[in-house]
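Quick notes on the structure that follows.
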Amino acid sequence: MTSILAALPPELLSRIISFLSDKRKDISTCRLVCQTFKELASPYLITRVVFALRLDAVSRLHDVLRHPYFSRYVTELVYDASLYDSQVAGDWNEYVQECQEAPRSFVDPDWAKRKRTEARLWHRFDAYSSLPRPNVLSSMDMLMTVPSLNMPHVHIAGQDVLAEDVQNLFGDDITGLDDGGVDDEEAEDYYEHVYRLGCHKGFPDYYLRHKTQCRMQEARLPANMLQHVLARLPKLRTIHFTDYRHLSTDRESYDQCCHRLFGNRLEPCHISGTEGCWNALLPLLNAVAVSPAARIDQLSLAANPYTRSVGDCVCDVESAEPRVPAALPLSLLSDMGELCTQNLTQVFSNLRRLELPFVFGESDDPDDLEFAELIEDGPEVLATVLRPLRGLLEAAAPNLTHLTLSVQSLAEHRGDSQGRPVFSRDDAHVPIDGATLVFELLLSATVFPRLQYLELGGWVCSIADMQKFLAKHQALTELRLVNNFFLGRAEELARWGGKNMCLEGVRIANWADVLLPDADSDPFANVHRLRRTEETVRSQAKADRLTDKDLEALWLAGRMNHAASRGEGFVEHDGPWWMQKRN
1 MTSILAALPP ELLSRIISFL SDKRKDISTC RLVCQTFKEL ASPYLITRVV
51 FALRLDAVSR LHDVLRHPYF SRYVTELVYD ASLYDSQVAG DWNEYVQECQ
101 EAPRSFVDPD WAKRKRTEAR LWHRFDAYSS LPRPNVLSSM DMLMTVPSLN
151 MPHVHIAGQD VLAEDVQNLF GDDITGLDDG GVDDEEAEDY YEHVYRLGCH
201 KGFPDYYLRH KTQCRMQEAR LPANMLQHVL ARLPKLRTIH FTDYRHLSTD
251 RESYDQCCHR LFGNRLEPCH ISGTEGCWNA LLPLLNAVAV SPAARIDQLS
301 LAANPYTRSV GDCVCDVESA EPRVPAALPL SLLSDMGELC TQNLTQVFSN
351 LRRLELPFVF GESDDPDDLE FAELIEDGPE VLATVLRPLR GLLEAAAPNL
401 THLTLSVQSL AEHRGDSQGR PVFSRDDAHV PIDGATLVFE LLLSATVFPR
451 LQYLELGGWV CSIADMQKFL AKHQALTELR LVNNFFLGRA EELARWGGKN
501 MCLEGVRIAN WADVLLPDAD SDPFANVHRL RRTEETVRSQ AKADRLTDKD
551 LEALWLAGRM NHAASRGEGF VEHDGPWWMQ KRN
C-alpha cells in the first residue's frame with residue numbers, strides 16, 4: 001500500500017496530507033512511513049507556536065525560532081495572556097481557598113495512595129482497636145477557615161517577599177496554631193484538606209512561577225521576543241490573543257486541559273479574570289504594525305473552545321468558571337494615543353478574518369455598571385466610547401471576509417421579579433433605545449463588501465435595523481445569530497432572509513422575541529422601556545413558537561444547510577421560561 005501511495009504525484013500527496021494538518025499525531029505518523037512522506041508531512045508538523053510568560057512555553061518557542069526548517073512553516077501564533085495572580089502567590093490561605101473553589105478537581109496522588117493504605121490497615125486492625133475508625137475526608141467542601149494560618153513575609157524594598165522559613169508552613173510549627181483560636185480537630189481537618197489538594201506542593205511552585213513571570217515582564221521579554229517572532233516566521237498569518245483555555249486539544253475537558261498544562265498546580269488567571277492581561281494586546285498589535293516582515297491577515301481575540309458562542313462546548317464540570325467568556329474592554333481602546341490608533345488602523349486594514357468580542361467598562365465583571373451609566377449620560381457619550389472600535393471596523397471593512405462580533409454585558413440573560421428582561425447590571429432598566437443604539441452606532445452605517453461569514457452575538461436590535469444591515473451584504477454565504485435579542489418577531493426576519501438572501505449555511509440560537517409595548521395602552525411607551533408581562537409573553541408564544549431549526553429552514557428557503565453541525569452543551573441560564581433558548 002505504501003508503494004502505491006508513493007507512486008502518486010507529490011502535488012497530490014501533499015494535498016492529501018494537508019487535510020491532516022490539524023492532527024499532529026497523524027502527521028508525526030506519516031513522517032515515519034517513508035522518506036517521501038517525511039518530506040511532504042514535515043511542513044505540517046509545527047504550524048503553531050505559543051507565547052506565554054512561562055518558562056516552558058518560552059523555551060519551546062525559542063527552539064522553533066532557531067530551527068532552520070520548522071520556523072519556515074509556522075502560520076499561527078497563540079499569545080497566551082494568562083497571568084499568575086500576585087495576591088494568590090503571596091498568601092498561603094488565598095492559594096488554598098482558590099484550590100478549593102477551582103472548577104476542576106485537585107487530588108494529590110500521594111494523598112490518595114496514603115488514604116488507600118490507611119483504609120486497608122484500619123480494616124486489618126479493627127479487631128485490636130477499641131477506638132472508632134477515623135473519618136476519611138473526601139468532600140471538596142471540607143475547607144476549614146483558619147484565619148491565623150498566614151504566610152510569613154518580610155518587607156524588602158517596598159515589596160512583600162516570602163521569608164526563608166517558608167518550610168515551617170508545612171510542618172507543625174505554623175504561626176498562629178499555638179496562639180489560641182484553633183483547636184487540634186480544626187487543625188487536623190485543615191491539614192487533611194491541604195494535603196488532599198496537594199497545596200503543600202503546589203503553592204511553592206505557583207509562587208516561583210509568579211516570580212518568573214515578574215522577571216520576564218521587567219526584562220521586557222514579551223516585546224523583544226515578539227520582534228523575533230515576526231521577523232523569523234515568514235509564513236505567520238494568524239494571531240490568537242487568548243488564554244490557556246485556547247490550548248485545549250482533541251475536545252478534552254477543562255479538567256484534562258489544566259492537568260496536562262499545569263499538573264496538580266493551580267492554573268493562572270484567564271483573561272476574563274484579570275484586567276492586567278489585556279494590557280499586552282496593544283503592544284502586540286503595535287509590534288505587528290511596525291514590523292516590516294509582518295503579514296497578519298487573521299486576528300482572533302479571547303477565543304477558546306469552552307466559550308464558543310455556538311456549540312463546541314465540551315466542558316464537563318458543574319462550575320461555570322471555565323465557560324466565563326472574555327471580551328475586549330472598550331476602555332482599553334479609549335486610552336490609546338494617536339500613534340497607537342494609527343498602528344491599530346494599519347493592522348486592521350490588512351485583516352481578512354476578525355473575531356472580536358467586546359465589553360463596556362474596564363472588565364467583564366458581573367458587577368460592572370459601566371453600560372447603564374453610559375446610557376444615563378446620553379447618546380453622545382456612548383458614541384464617544386464606541387468611536388475607536390468603529391474606526392477599527394471601518395478600517396477592516398474593505399478586505400474582511402469573515403467577521404465574528406459579539407458584545408458582552410449589554411443584556412442580562414435573565415428576568416427580574418416582574419418577568420422583564422434586565423438590560424443593565426443593576427436593578428434600573430435601561431431604555432430599549434439605549435440598548436439598540438450600540439448596534440446603530442457600530443454596524444448600521446458600516447458596509448463590508450467582501451463579507452462571506454458573519455456571526456453576531458449578544459446584540460439588541462430591531463428587525464428593521466437587522467434587515468437593513470444584512471441587505472448591504474449580499475455576498476454572505478453563512479450567517480450565525482447567537483444570544484441576540486430581536487425587537488419583533490424572529491419569524492419575520494427569517495422569512496425576509498429566505499426571500500432576499502442566498503445563504504448556504506445558517507445557525508440560529510437567540511433568545512425569545514422581544515415585543516415593544518402598545519403605545520395606546522402603555523403610559524411609558526414614549527420612553528420605550530421594556531415591559532413584558534407573563535400574559536403577553538404567553539400569548540405571543542402560542543401564536544409563534546418556532547424552534548431554531550424551523551427558523552433556519554425559513555432562512556434557507558428550502559436549501560440544504562451547509563453550516564457546521566450543531567454543537568452540544570449550550571450554557572444554561574436561570575430565568576423565566578420565555579428567556580430560555582428554544583430547543
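Once you know that position 364 of the sequence shown is 364 in the UniProt record's numbering, the rest is easy, because the numbers rise by one and skip nothing.
In this text, a Cβ means the ideal position worked out from N, Cα and C, and glycines have one as well.
On a predicted model such as this, the values are computed, not experimentally measured, just so you know.
Subject >> Inter-residue spacing [alpha-carbon to alpha-carbon] between Leu-437 and Glu-380 >> reply: Here the question's residue 437 lines up with position 437 in the sequence shown. Here the question's residue 380 lines up with position 380 in the sequence shown. Each residue's alpha carbon lies about 11 Å from the other.
Original post:
Within the 7 Å Cβ cut-off, does Glu-440 reach chain D?
Top reply: Considering every chain present, this structure includes no chain D. It has just one protein chain.
Subject >> Nearest residue (CA-CA) to Thr-401, options Ala-475, Ser-105 and Trp-459 >> reply: Reading the sequence shown from its first residue, position 401 is the one you call residue 401. Thr-401 has its Cα closest to that of Ala-475, out of Ala-475, Ser-105 and Trp-459.
Original post:
Measuring CB to CB, does Val-269 end up less than 7 Å from Leu-83?
Top reply: To locate residue 269, count along the sequence shown from 1; it is residue 269. To locate residue 83, count along the sequence shown from 1; it is residue 83. The residue you asked about is not Val; residue 269 is Cys in the sequence shown. Against a cut-off of 7 Å, the Cβ pair of Leu-83 and Cys-269 comes out as a contact.
Subject >> Nearest residue (CA-CA) to Glu-76, options Ser-21, Pro-305 and Asp-85 >> reply: Sequence index remark: in the sequence shown, residue 76 carries index 76 (1-based). For Glu-76, the nearest C-alpha among the options comes from Ser-21.
Original post:
Between the stretch 102-112 and the stretch 250-264, do three or more beta carbon pairs fall short of 8 Å?
Top reply: yes
Subject >> Gly-457 - partner residues in DSSP beta bridges >> reply: Numbered from 1 along the sequence shown, position 457 holds the residue referred to as residue 457. Answer by DSSP bridge pairing, in chain order: Ser-406 and Val-482.
Original post:
If Lys-235 and Tyr-73 are in contact, beta carbons under 8 Å, what's the gap, nearest whole angstrom?
Top reply: As a working note, residue 235 is residue 235 in the sequence shown. As a working note, residue 73 is residue 73 in the sequence shown. Confirmed, Cβ separation roughly 6 Å.
**OP:** Please determine, among Leu-12, Ser-248, Leu-470 and Thr-238, the residue with the shortest C-alpha to C-alpha distance to Val-447.
**Re:** As a position in the sequence shown, residue 447 is number 447, starting the count at 1. Considering only alpha carbons, the answer is Leu-470.
Original post:
Beta-carbon separation of residue 584 and Ala-494 under 7 Å?
Top reply: Residue 584 cannot be examined here, being either before or after the span of the chain that is shown, 1 to 583.
**OP:** Identify whether Thr-384 lies in helix, strand or coil by the three-state DSSP scheme.
**Re:** Numbered from its first residue, the sequence shown carries residue 384 at position 384. It is helical.
Original post:
Could you give the C-beta distance for Cys-199 and Val-96, rounded to a whole number, given that I count them as a contact under 8 Å?
Top reply: In the sequence shown, the residue the question calls residue 199 occupies position 199. In the sequence shown, the residue the question calls residue 96 occupies position 96. Confirmed, about 5 Å.
Original post:
Going straight from the alpha carbon of Arg-220 to that of Leu-226, what length do you get?
Top reply: One-based indexing of the sequence shown puts residue 220 at position 220. One-based indexing of the sequence shown puts residue 226 at position 226. C-alpha separation (whole angstroms): 10 Å.
**OP:** Using 10 angstroms around the beta-carbon of Thr-249, count the other beta-carbons present and answer buried if the total reaches 16, otherwise exposed.
**Re:** Mapped onto the sequence shown, residue 249 falls at position 249. Answer is exposed; the Cβ neighbour count stays below 16.
Subject >> Residue environment, Cys-99, which counts as buried when at least 16 other CB atoms sit within 10 Å >> reply: Counting from 1 along the sequence shown, the entry for residue 99 is found at position 99. By the neighbour-count rule (16 or more Cβ atoms within 10 Å), Cys-99 is buried.
Original post:
Going by beta carbon distance, what residues of the same chain come within less than 8 Å of His-228, once the five residues before and after it are set aside?
Top reply: For the purposes of this step, residue 228 is identified with residue 228 of the sequence shown, where counting begins at 1. Taken in chain order, the residues that qualify are Leu-65.
Original post:
Using the rule of at least 16 other Cβ atoms within 10 Å of the residue's Cβ for burial, across every protein chain shown, is Ser-28 buried or exposed?
Top reply: Looking up residue 28 in the sequence shown gives position 28. Label assigned to Ser-28: exposed.
Original post:
Quick one: Cα of Gln-298 to Cα of Ser-406, how far?
Top reply: Stepping through the sequence shown from its first residue, residue 298 is reached at position 298. Stepping through the sequence shown from its first residue, residue 406 is reached at position 406. When rounded, the distance between both Cα atoms is 17 Å.
Subject >> Bridge partner(s) assigned by DSSP for Pro-357 >> reply: By one-based count along the sequence shown, residue 357 stands at place 357. Bridge partners of Pro-357: Ser-406.
Original post:
Residues in its own chain within less than 7 Å of Ala-397 by CB, not counting five upstream and five downstream?
Top reply: Within the sequence shown, the letter at position 397 stands for residue 397. Around Ala-397: Thr-446, Val-447 and Phe-448.
Subject >> Secondary structure of Gly-202, DSSP reduced to three states >> reply: Counting from 1 along the sequence shown, the entry for residue 202 is found at position 202. Looking at Gly-202 - three-state DSSP - the assignment turns out to be helix.
Original post:
Per DSSP, Pro-329 forms a beta bridge with which residues?
Top reply: Your numbering for residue 329 matches position 329 in the sequence shown. Partner(s): Val-359.
Original post:
Using CA coordinates, which residue listed in Val-194, Asp-189 and Val-58 is at the minimum distance from Glu-94?
Top reply: Translated into the one-based positions of the sequence shown, residue 94 becomes position 94. Closest by alpha carbon: Val-194.
Original post:
DSSP state of Val-78, grouped into three classes?
Top reply: Taking the sequence shown and counting its residues from 1, one reaches residue 78 at position 78. If DSSP states are grouped into helix, strand and coil, Val-78 belongs with the strands.
**OP:** Look at Ile-17 and Ala-41 and say whether their C-beta atoms are less than 7 Å apart.
**Re:** Stepping through the sequence shown from its first residue, residue 17 is reached at position 17. Stepping through the sequence shown from its first residue, residue 41 is reached at position 41. Yes, Cβ-Cβ distance for Ile-17 and Ala-41 is below 7 Å.
Original post:
Looking at the unbroken beta strand (DSSP E) that takes in Leu-299, where does it start and where does it end?
Top reply: For this step, residue 299 is matched to residue 299 along the sequence shown. Taken as a continuous stretch (DSSP letters only), the beta strand (DSSP E) holding Leu-299 covers 298-301.
Original post:
What's the gap between the Cα of Ala-231 and the Cα of Pro-292?
Top reply: Position 231 of the sequence shown, counted from the start, is the residue given in the question as residue 231. Position 292 of the sequence shown, counted from the start, is the residue given in the question as residue 292. Each residue's Cα considered, the two are about 8 Å apart.
**OP:** Under 6 Å Cβ to Cβ from His-562, same chain only, skipping five residues before and after it: list those, please.
**Re:** Working through the sequence shown from its first residue, we reach residue 562 at position 562. Only Glu-504 and Gly-505 meet the Cβ criterion.
**OP:** Note the first and the last residue of the continuous alpha helix (DSSP H) segment covering Ala-509.
**Re:** Locating residue 509 in the sequence shown gives position 509, counting from the first residue. No alpha helix (DSSP H) holds Ala-509; the beta strand (DSSP E) holding it covers 505-509.
Subject >> Continuous beta strand (DSSP E) stretch holding residue 584: start and end >> reply: Nothing about residue 584 can be reported from this structure: the residues present for the chain run from 1 to 583 only.
Original post:
Where do the ends of the beta strand (DSSP E) carrying Ala-223 lie?
Top reply: For the purposes of this step, residue 223 is taken as the residue at position 223 of the sequence shown. Note, Ala-223: premise wrong, no beta strand (DSSP E); alpha helix (DSSP H) at 221-232.
**OP:** For Leu-12, count neighbouring C-beta atoms within 10 Å of its own C-beta (all shown protein chains included) and say buried if the count is 16 or more, exposed if not.
**Re:** Residue numbering aside, residue 12 sits at position 12 when the sequence shown is read from its first letter. Result: exposed.
**OP:** Look at the alpha carbon of Gln-346 and the alpha carbon of Leu-8, and state the distance between them as a whole number of angstroms.
**Re:** Position 346 of the sequence shown, counted from the start, is the residue given in the question as residue 346. Position 8 of the sequence shown, counted from the start, is the residue given in the question as residue 8. The alpha-carbon atoms of Gln-346 and Leu-8 are separated by roughly 44 Å.
**OP:** Enumerate in chain order the residues of its own chain whose CB-to-CB distance from Leu-53 is below 6 Å, with the five nearest sequence positions on each side excluded.
**Re:** Position 53 of the sequence shown, counted from the start, is the residue given in the question as residue 53. Within the same chain, Leu-53 has close Cβ partners Gln-213 and Met-216.
Original post:
Three-state secondary structure (DSSP) at Val-277?
Top reply: To locate residue 277, count along the sequence shown from 1; it is residue 277. The displayed chain sequence assigns Cys, not Val, to residue 277. If DSSP states are grouped into helix, strand and coil, Cys-277 belongs with the helices.
Original post:
Does the distance from the C-beta atom of Trp-111 to that of Arg-196 stay below 7 Å?
Top reply: Locating residue 111 in the sequence shown gives position 111, counting from the first residue. Locating residue 196 in the sequence shown gives position 196, counting from the first residue. Yes. Within cutoff.
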